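For the protein sequence lines, the chains are A and B, in the order given. Using our numbering, the letters of the first sequence map in sequence onto residues 1 to 350. Using our numbering, the letters of the second sequence map in sequence onto residues 1001 to 1350. Glycine residues also receive a C-beta, built at the ideal position from the N, C-alpha and C atoms. All values reported here derive from a predicted model rather than from experimental measurement. The structure appears below as structure tokens.
Protein chains: 2
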Amino acid sequence: MKYGGGDVKLSERKEKILASIVEYYIATGEPVGSKTLLEHLPLSVSSATVRNEMAELSALGFIEQPHTSSGRVPSQLGYRYYVDNLMNQYELPLQEKRLIESRILSASGEPQQILEQAGQVLAELTNCAVVSTTPFDEHAVIRRVELVPIGARTAMMIMLSSSGILKSKVCRLDCELTLDIIELFYNVVSKNFIGKSAEEASVAKIQTLALSLGNKSLSVSPLLITLSDLARMTEQTQLLLEGQSNLLNYTDYGNAYEIMEFLRQSDFLASFFSSNKNENAPRILIGKENRFRELQDSSVIFSNYKVGGKESGTLGLIGPTRIDYARLIPSLKYLTEIVGNIMSDTLDEQ
Amino acid sequence: MKYGGGDVKLSERKEKILASIVEYYIATGEPVGSKTLLEHLPLSVSSATVRNEMAELSALGFIEQPHTSSGRVPSQLGYRYYVDNLMNQYELPLQEKRLIESRILSASGEPQQILEQAGQVLAELTNCAVVSTTPFDEHAVIRRVELVPIGARTAMMIMLSSSGILKSKVCRLDCELTLDIIELFYNVVSKNFIGKSAEEASVAKIQTLALSLGNKSLSVSPLLITLSDLARMTEQTQLLLEGQSNLLNYTDYGNAYEIMEFLRQSDFLASFFSSNKNENAPRILIGKENRFRELQDSSVIFSNYKVGGKESGTLGLIGPTRIDYARLIPSLKYLTEIVGNIMSDTLDEQ
DNA sequence: GTTAGCACTCTAACAAGGCGAGTGCTAACG
DNA sequence: CGTTAGCACTCGCCTTGTTAGAGTGCTAAC
């Protein structure tokens, strides 16, 4: 294993000590000294020995001291080693799994709401902020378009994509919405858009189409414009955010406000997640491993969920570097699994 | 006017001084002393005179001292007097109004999304947290139910209410969704639910209906259950939240986390808002005027928006008592107006 | 009613000193 | 050679003491 530039394999005792430091610090948030450590460590050696070991761990860069005279704290590298080699993942008890599943099933079945629900559950479970992206499938096609008249001149248009995204928008016409127009619209749609990708419902195409309709164009084109708007909304991945306020609980956390603002304008994250599409296992970025300045003191754990066998969206956890990796990772894993399954269920019989 | 138990009408000079204290404190967050105050006050008197006046204002309870030797801060009563008598509301410039309007029009037209957009705008404008409730109309009826098959055994059901709420849910059947079943479903729906209130789609009614369908009951009842779920969702007012993170900016604000948590579990607020349904003008609750413990250090300003001439939902601002009332109130007023208009537009031709 | 002057109060800011946790080093031990 | 006890040392935190400054209320004069 490469840590800090060289291959390192720690002795068993060093590993025990490192693991103990990490776990103690995660649990308490206090830097830990040789003596305190010994109390939590089933080793029959003296504190001096532990100190010697700790000095070496310091030299290797796995732990560091906030100031000369207080205990040690895991460094970023220390967390990394812990996560890679030492952590025993805690398995979710079956009962809790059941509870989680039932809560997510209570959502409406729309991907966005499943994700909202899952995000809330995960936020409660982990005390982290949770981000998630709606399913994205570059090969998704428009499966269905419905036009539901509301008033004489208004209608609600609904678009359903093959990735399960449902979007709706109110459309307001300049003239009355007659059956003729509706029929014409459905014809145009089924001929030109159904089964095609959302991209194809471009403004340019809409315009040329409108031209070809001659004098009917005037009445149908507002509908087509709305269609194109919906297509835009459908192909856009949306990023959902839950449990932001959890971040405020971590008092040692520099500037929660900055992070919350960052998450709010979170296009960055969305594109980052989508560039990590083909990973299966959860990925963990600790502190500066992260490329965003705002997250340099945070850890991000994210994992993709699969809909119909294809990676299609991401669930991510964001918290301070001092988070309980051993507990969070299995929770995240389980949630992505569940979310994927439920979404696939909805779509499996296409 | 009743303030602190007695009728009070302050002298013109006292009013000027009080207004100046309130405005200075709102702007800077610093307690203000007689000397500093004089600099911002177009009065040709000495600081001693001002001190005398301030002493009387203190005795009357309009201002108070955080500690013996520092400037004065408006008391809750002081804010109240200011808001009632002294404040000149700042009028939004036309240009800004235009900008706001266009941003809200970019929303999809669904009430929920209009409110989300409006909430975001308002949060940016005011630096407060914004809450809003979706339109609620006790006389609302189910206007339309659509069933959109997705797979062989799954369908998406969409419900539209006369108050403009659109909700959808995926429904999973035990057997194949045939045209027969769909037709039967539509028949049952149009006979029993369309034009009726959402309340009537109760579980009990669904059950008796299912019984009367005899052997077809098995296939249709999952659909009817989903219908009932949707009716529940439609009649529930939803509470939306934007700009929570703004609260973190107010450093003097005791415990932003507590407030954020309170807002998150905000059923309280929803019911509180709905109990204030028939007010037209914005209402302002300052500090302890508020009945919720968590908001004792906050001010809440809320105002109802009208859809089709009827009060139907609320927009509210939440911030520390030290907020710029003179600026926020007109912003809120304008936003409620706009939101109401846009929503009414969508529905006006029922 | 207004003003100048003054003594008084109280906090925020800074400095100094003691405490204690924790360290690294050294020397001794098995 | 690894382990251990002992010890001097470091350095942040807490407490205490002091000071400067802002602001007040009061009094006496205008």
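Distance check between A:Tyr25 and each of A:Thr126, A:Ser11, A:Arg283 and A:Tyr82 places A:Tyr82 closest, using alpha-carbon atoms only.
Neighbours of B:Ala1256 across chain A, judged by C-beta separation under 8 Å: Leu248.
By the neighbour-count criterion, in which a residue is buried when 16 or more other Cβ atoms sit within 10 angstroms of its Cβ, B:Val1073 is buried. The three-state reading of DSSP puts A:Thr346 in helix, counting H, G and I together. Approximately 12 Å separates the beta-carbon atoms of A:Ala155 and A:Cys175; this is outside 8 Å, ruling out the contact. The beta carbons of B:Val1145 and A:Leu160 sit no closer together than 8 Å. When the alpha-carbon of B:Thr1346 is set against those of B:Gly1319, B:Thr1321, B:Val1307 and B:Ile1318, the nearest one is in B:Val1307.
B:Met1343 sits away from B:Pro1093, with the two beta carbons spaced by 8 Å or more. In the three-state scheme derived from DSSP, where H, G and I count as helix and E and B as strand, A:Met87 is classed as coil. With the rule of 3 Cβ pairs closer than 8 Å, the stretch 1048-1061 of chain B counts as touching the stretch 1008-1020 of chain B. Apart from sequence neighbours up to five positions away, the residues of its chain that approach A:Ala326 with a beta-carbon distance below 6 Å are Met87, Gln89 and Tyr90, ordered along the chain. Under the 8 Å Cβ criterion, the stretch 1301-1318 of chain B does not count as touching the stretch 1060-1080 of chain B, having fewer than three qualifying pairs. Those residues of the stretch 154-171 of chain A placed with their C-beta closer than 7 Å to a C-beta in chain B are Thr154, Met156, Ile158, Leu160, Leu166, Ser168, Lys169 and Val170, ordered along the chain.
Under the three-state reduction of DSSP, A:Glu30 is assigned to coil, being neither helix nor strand. Ranked by Cα distance from A:Ala129, the first of A:Pro330, A:Leu335, A:Glu337 and A:Gly316 is A:Gly316.
Cβ proximity to chain A below 8 Å picks out Ser1108, Gly1109 and Glu1110 from the stretch 1090-1116 of chain B. In the three-state reduction of the DSSP assignment, A:Phe268 falls in the helix class, which pools H, G and I.
Chain order gives the chain A residues near B:Thr1346 as Ile150, Gly151, Thr154, Val170 and Arg172, where near means a beta carbon separation below 8 Å. Look at A:Val8 here: in three-state DSSP terms it is coil, with no helix or strand label. In the DSSP assignment, the residues bridged to A:Lys306 are A:Glu311.
Within its own chain, the residues whose Cβ lies closer than 7 Å to the Cβ of B:Asn1192, once the five positions on either side in sequence are excluded, are Leu1209, listed in chain order. A:Ala129: member of the beta strand (DSSP E) spanning Ala129 to Thr133, first to last residue.
Identification of residues in the stretch 277-303 of chain A having a C-beta nearer than 9 Å to some C-beta of chain B yields an empty set.
Chain-ordered listing is empty here: chain A has no CB closer than 9 Å to the CB of B:Gln1238, the nearest sitting near 12 Å. Against chain B, the CB of A:Arg144 has a partner CB under 8 Å away; the residue lies at that interface. Assigned with DSSP and collapsed to three states, A:Ser221 falls in helix. Residue burial annotation: B:Val1203 is exposed, with fewer than 16 other C-beta atoms found within 10 angstroms of its C-beta. Contact between A:Ala198 and A:Glu235 holds: their C-beta atoms lie close to 4 Å from each other, under 8 Å.
Listed along chain B are Ser1245, each with a C-beta nearer than 8 Å to that of A:Glu261. In the structure shown, the three-state DSSP call for B:Thr1336 is helix.
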